[in-house]
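Q: Chains as they are written, first to last, in the numbering used here: chain A, 1 to 762; chain B, 763 to 864.
Just so it is clear, CB atoms sit at the ideal spot from N, CA and C, and this is done for glycine as well.
Right, I'll just put the structure down here and ask away after.
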Amino acid sequence: MNVNWFSADYLPWLILFFPLLSFVIIVLGTIRNVVASQVVAIAGIGISWVLSMILFAKAVWLADETLGEHVYGSAIDWLHLGANTFRMGVQVDPLTAYMLLMVPLASLLIFIYSAGYMHGDPHEARFFAYLSLFVGAMLTLVVADNLLMLFIGWEVMGFCSYSLIGFWFHKKSAMEAGVKAFMTTRVADVLMLVGIGYLFIMTGRMEDGPGFTLSFQDILRNEEMLKFLVNAQSVIWGTSAATLISVLLITGTVGKSSQFPLHVWLPDAMEGPTPVSAMIHAATMVSAGVYMIVRMFPLLSAGANFHHFEYNTAMYYMGIVGSVTALGAAVLAVGQSDIKRILAYSTISQLGYMVAALGIGAWVAAAFHLVNHAFFKALLFMASGSVIHAMEHGEHHAAEHGHPHEHHEEPDGLVMDYCAPPNDVNRMGGLLHRIPITAITMAIGGLSLAGFPLVTAGFWSKDEIIAEAWHGGLWNDPYPLFVLIMLLLGALLTAFYTARMWFLAFWGKPRTPAAQYAGPGWLRDRWVKWWNKQPFSGEDKLEQEHADPVTNRSAMLMEIPLMVLSFFAITGGWIGIHKDIVGKNPLHDFLAPTLLEHPEVVPFDFTPMLVSMIVALGGLGLGWWLYGRKPLAAGQTDPTEAALGPGIWKMLQNRLYIDILYRNYIVRPLERAAEKIVVEGIDRDTIDASLESIAEAAIWLGEAFKRFNTVVIDGFVDTTVEGIGSFAGWFRQIQTGRIQQYLLFVTLALLALGTLFLIQVR
Amino acid sequence: MIPLWMYLVVAAGLFVIGMFGVLSRRNAIAILMGIELMLNAVNVNLVAFWRYQTPTKLSGQAFAAFVFAVAAAEAAVGLALIIGIYRRKRSVIADDVNLLKW
């Protein structure tokens, strides 16, 4: 085959191939050798990253604005369906290129981070295998040119997330969390699959059309196809096919990207190792959900004219679900004590922003925020992992210095308001002096998340969403106004909880011995001491003896990705600044050709920018006032808890009881129904019973034959024999042994014979 | 001449008496005596028939001589058997020799 693998048309295949190859090699080959597995995994994603960069460069500098129309890509005939042939392939258009900028880089950094974080774990090789498979699936999803291939990547990622969340499967809570994640997303995935199937059917019904297809080019850039889908009646009376398909596809994202009401899996997914959280819940899996609706936007918005504020059902769905999620999750994040859970709710909230953005038609803003969020959220998660490691190390160190090991009762299974001690923000404090690099990078990530004005990436992308909502809200259309208000309140809370998290963890004085001694390694300690301007003393020799060069190296492996991501958390936003400010918006110009209808640029208005600045600074300021000015001391109650009151605080800690509701009214009844109906009713009482009755019948028949044999046949024979026997027993008594008797018989016989003879003769 | 049937009646009478003796006597030797009587009765029958049917042929006489000889031999053998049994069982009563029974 005459293929130039380095041409932009074929490169995507290589990009998705290498991590999958790593997975195979690790599972079949290097699973017992941790270092080899690490090398293979990082090599796999490293190669993919290099190739992605080449492809990105080609897309940005060698291609022109027609990249959306004349995409790079190639496909193979995969399935012959009568007249049609279903083709599977890859494509690279501007949106794909933008995703390829983010996904491989974030993944590579997470892989390097994992080498440090998972050091010493007995199953480290298996971790890298799953991680490689996961990345391969994500890359498949990103470069796919049709909805089916996207869905394949989607589902493989679902499985990998289950395996990775439940990675420490001996721990019951981790296993439950993995199952919870998989089940919740499965519900959504089934509906999405129905949507995909229905789309496939409908595409085939169009006359003079491309026939049955799921290819993006055939559907999304095809004016006639979109019009046809909008006009076609769906199976539900009153809705169009496009609406039904869109609603089903969006439901897939509701599950995968953890929107209300299917958000329940993500906070519990924190049971998995932190690199998993960074990967799945920041950079890749949840992004995949949003990517899908960003990709399918022409279909979702078909029939609507959102530039003139006419929306359609799918857009209302996205907007309402997204904004409710954005605000709701932000509210919940305020009430969490577990550092990872705060970030989890933050992720849910930010994804809500992206979904809501699409709901009001802000397409470029949604993609922009997606990529920025991936960078700073991955950063935040990895930094939190570093914090947790430091706290765990501090716990051990504190024990050495005489502070007794506190015994912590771990619950058996998932408990809604349980917070593991190393993660507990209330037990931290003063970590800025112990783990400064982590503290600073987390601060950068946090500022980006909160949307600190002008400097950070998060500000620009969030501001763009708010600006578009404002633009709609200005015309007093209630729907964009609703979205705007929800998002602004959400932004305020986002800034607040971010500040709360950072100040509680890093500011003030340590609140527990673990925090006092937190942080690994001798090298770090020296650096920290220099930072704190403390003189070196003989105690350092003691520290030196405690030093563990391997711990130092793993600490370093964790910090380098943090620093790289901080860079992107700041600069990532600068490519998308509105063109009325800096003259050119390179991101918008690059991404716009992806859509058939180039997205309109909302005219620049300083008011929403000012409002979002006020909101962000206000939230950060409130956080500083409550937690920064007078840092929390040990034993003191959290000011937010004091302000809200114990009732509301408990409600937040219990996640508004939604999880408990699902568990008690959906999961448990289903489990009991499954137990009663399927296991007992169908399997045991019906299937097993019918099999047993067949067996019983066979046995009965056997018994009958046996009885027939015994009674009739054997009986007949036995009776005959016995008869003969008893007759013989009686008859033999004739043999008395007395001769005279014998002679008497002979005489009588002779007489009888003689008489007979005489008669005969006569 | 005396009619033949008188000799036959006498022979029959002897035979029956001998039969009775065989069947009813306890002592084995007495049974042997009965057997002798039956044999002699047969002999009388034989001679009577010879004299009255074929007096010129010698075979009738020869037959009677045979019977005598056989009877004598048989009596000797019988007595020897009885002596052997007596040595074993110390009894000559026929009924006691009943081992070959059921």
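Any contact of the stretch 261-278 of chain A with the stretch 218-230 of chain A, i.e. 3+ C-beta pairs under 8 Å?
A: No contact exists between the stretch 261-278 of chain A and the stretch 218-230 of chain A.
Q: Once DSSP output is grouped into helix, strand and coil, what is the label at residue 777/B?
A: As a position in the second sequence, residue 777/B is number 15, starting the count at 1. In this structure, residue 777/B counts as helix in the three-state DSSP scheme.
Q: Rounded to a whole number of angstroms, what is the C-alpha to C-alpha distance between residue 100/A and residue 300/A?
A: Counting from one through the first sequence, the residue named residue 100/A turns up at place 100. Counting from one through the first sequence, the residue named residue 300/A turns up at place 300. Roughly 23 Å between the two C-alpha positions.
Q: Could you check the C-alpha separation between residue 609/A and residue 620/A for me, to the nearest Å?
A: To locate residue 609/A, count along the first sequence from 1; it is residue 609. To locate residue 620/A, count along the first sequence from 1; it is residue 620. For residue 609/A and residue 620/A, the distance between alpha carbons rounds to 16 Å.
Q: Helix, strand or coil for residue 685/A per DSSP?
A: Counting from 1 along the first sequence, the entry for residue 685/A is found at position 685. Note: residue 685/A maps to helix in three-state DSSP.
Q: Go ahead and pull the three-state DSSP assignment for residue 75/A.
A: Counting from 1 along the first sequence, the entry for residue 75/A is found at position 75. The answer is strand: DSSP assigns residue 75/A an E or B state.
Q: Nearest chain B C-beta to residue 734/A closer than 9 Å, yes or no?
A: Taking the first residue of the first sequence as 1, we reach residue 734/A at position 734. So, interface residue.
Q: Does the CB of residue 864/B have a neighbour CB from chain A at under 9 Å?
A: Taking the second sequence and counting its residues from 1, one reaches residue 864/B at position 102. Yes, contact with chain A.
Q: Below 9 Å between beta carbons: does that hold for residue 297/A and residue 595/A?
A: Taking the first residue of the first sequence as 1, we reach residue 297/A at position 297. Taking the first residue of the first sequence as 1, we reach residue 595/A at position 595. Yes. Within cutoff.
Q: Tell me the residue span of the alpha helix (DSSP H) that contains residue 84/A.
A: Looking up residue 84/A in the first sequence gives position 84. Unbroken run through residue 84/A is the beta strand (DSSP E), 84-92; no alpha helix (DSSP H).
Q: Let me check one thing: in DSSP terms, what residues is residue 855/B bridge-paired to?
A: Translated into the one-based positions of the second sequence, residue 855/B becomes position 93. BP columns for residue 855/B point to 789/B.
Q: Taking Cβ-Cβ distances below 8 Å as the criterion, which residues of the stretch 840-864 of chain B are in contact with chain A?
A: Of all residues in the stretch 840-864 of chain B, 856, 857, 859, 860, 861, 862, 863, 864 have a Cβ within less than 8 Å of some Cβ in chain A.
Q: In chain order, what residues of the same chain have a beta carbon less than 6 Å from the beta carbon of residue 771/A, not counting five sequence neighbours either side?
A: Nothing can be reported for residue 771/A, as the shown portion of chain A is limited to 1 through 762.
Q: Output needed for residue 851/B: all residues of its chain with C-beta closer than 8 Å, excluding positions within five of it in sequence on either side, in chain order.
A: Counted from its first residue, the second sequence places residue 851/B at position 89. Contacts found: 858, 859.
Q: Residues of chain A with a CB under 8 Å from the CB of residue 784/B: which are they?
A: For the purposes of this step, residue 784/B is taken as residue 22 along the second sequence, with counting starting at 1. Chain A residues near residue 784/B: 740, 743.
Q: Near residue 639/A, what residues of its chain come up, given a Cβ to Cβ distance below 8 Å and the 5 sequence neighbours on each side ignored?
A: Within the first sequence, residue 639/A is the residue found at index 639, counting from 1. Answer for residue 639/A: 626, 627, 632, listed in chain order.
Q: Between which residues of its own chain and residue 742/A is the CB-CB distance below 7 Å, once the five residues before and five after are set aside?
A: Here residue 742/A is taken as the residue at index 742 of the first sequence, counted from 1. Result list for residue 742/A: empty, nothing under 7 Å.
Q: Tell me the residue span of the alpha helix (DSSP H) that contains residue 168/A.
A: As a position in the first sequence, residue 168/A is number 168, starting the count at 1. That residue, residue 168/A, is in no alpha helix (DSSP H); it is neither H nor E in DSSP.
Q: Do residue 183/A and residue 88/A come within 9 Å of each other at the CB atom, strictly closer than that value?
A: As a first step, residue 88/A must be located in the first sequence, where it is residue number 88. As a first step, residue 183/A must be located in the first sequence, where it is residue number 183. No, Cβ-Cβ distance for residue 88/A and residue 183/A is not below 9 Å.
Q: Answer yes or no: do residue 419/A and residue 336/A have a C-beta to C-beta separation smaller than 9 Å?
A: Within the first sequence, the letter at position 419 stands for residue 419/A. Within the first sequence, the letter at position 336 stands for residue 336/A. The answer is yes: Cβ separation under 9 Å.
Q: For residue 781/B and chain A, any beta-carbon pair shorter than 9 Å?
A: In the second sequence, residue 781/B corresponds to position 19, counting from 1. By this cut-off, residue 781/B is an interface position.
Q: Compare the C-alpha of residue 438/A against each of 413/A, 390/A, 575/A, 482/A and name the closest.
A: Position 438 of the first sequence holds residue 438/A. Among 413/A, 390/A, 575/A, 482/A, the Cα nearest to that of residue 438/A belongs to 390/A.
Q: Starting from residue 448/A and walking both ways along the alpha helix (DSSP H), at which residues does that stretch end?
A: Here residue 448/A refers to the residue found at position 448 when the first sequence is read from its first residue. Segment 436-450, the alpha helix (DSSP H) holding residue 448/A.
Q: Taking its Cβ as the centre, do 16 or more other Cβ atoms sit within 10 Å of residue 812/B, making it buried, or is it exposed?
A: By one-based count along the second sequence, residue 812/B stands at place 50. The residue is buried, with at least 16 neighbouring Cβ atoms inside 10 Å.
Q: Pick from 344/A, 55/A, 314/A, 28/A: whose alpha carbon is nearest that of residue 14/A?
A: Taking the first residue of the first sequence as position 1, residue 14/A is located at position 14. With distances taken between Cα atoms, residue 14/A lies closest to 55/A.
Q: Just mark residue 231/A as buried or exposed, buried being the case when its beta carbon has 16 or more other beta carbons within 10 Å.
A: Taking the first sequence and counting its residues from 1, the one referred to as residue 231/A is at position 231. Classification for residue 231/A: exposed.
Q: Could you work out which residue in 211/A, 500/A, 490/A, 598/A is closest to residue 338/A when comparing CA atoms only?
A: Locating residue 338/A in the first sequence gives position 338, counting from the first residue. Measuring from the Cα of residue 338/A, the nearest candidate turns out to be 500/A.
Q: What does a CB cutoff of less than 6 Å around residue 359/A pick up in its chain, not counting 5 residues either side in sequence?
A: By 1-based counting over the first sequence, the position of residue 359/A is 359. Here the set comprises 315, 318, 319, 322.
Q: Run through the DSSP bridge pairs and tell me what residue 215/A is partnered with.
A: By 1-based counting over the first sequence, the position of residue 215/A is 215. According to DSSP, residue 215/A bridges with 146/A.
Q: Might you give, ordered along the chain, the residues of its own chain that have their beta carbon closer than 6 Å to the beta carbon of residue 615/A, omitting 5 neighbours on each side?
A: Translated into the one-based positions of the first sequence, residue 615/A becomes position 615. For residue 615/A, where only same-chain residues beyond five positions count, the Cβ hits under 6 Å are 488, 491, 492.
Q: Answer with yes or no whether the minimum CB distance from residue 764/B to chain A is below 9 Å.
A: The sequence position of residue 764/B within the second sequence is 2, counting from 1. No, residue 764/B lies away from the interface with chain A (no Cβ there is under 9 Å from its Cβ).
Q: At the 9 Å Cβ level, is residue 791/B part of the contact set with chain A, yes or no?
A: On the second sequence, residue 791/B is found 29 positions in, with the first residue counted as 1. It does not: the Cβ of residue 791/B has no partner Cβ on chain A nearer than 9 Å.
Q: Would residue 544/A be called buried (16 or more neighbouring beta carbons within 10 Å of its own) or exposed?
A: As a position in the first sequence, residue 544/A is number 544, starting the count at 1. For residue 544/A, the pLDDT reaches just 46, beneath the cut-off of 50, and the residue's location in the model is therefore unreliable, although a value from the coordinates is still provided. Answer is exposed; the Cβ neighbour count stays below 16.
Q: Quick check: residue 309/A and residue 44/A, are their CB atoms within less than 9 Å of each other?
A: Position 309 of the first sequence holds residue 309/A. Position 44 of the first sequence holds residue 44/A. For residue 309/A and residue 44/A, no; Cβs fall outside 9 Å.
Q: With a cut-off of 8 Å, do at least 3 Cβ pairs link the stretch 363-379 of chain A to the stretch 453-466 of chain A?
A: The stretch 363-379 of chain A, when compared against the stretch 453-466 of chain A, does touch it at the 8 Å Cβ threshold.
Q: Taking the runs of the beta strand (DSSP E) that are 3 residues or longer, which of them lie wholly in the stretch 581-633 of chain A?
A: Complete beta strand (DSSP E) runs here, min 3: none at all.
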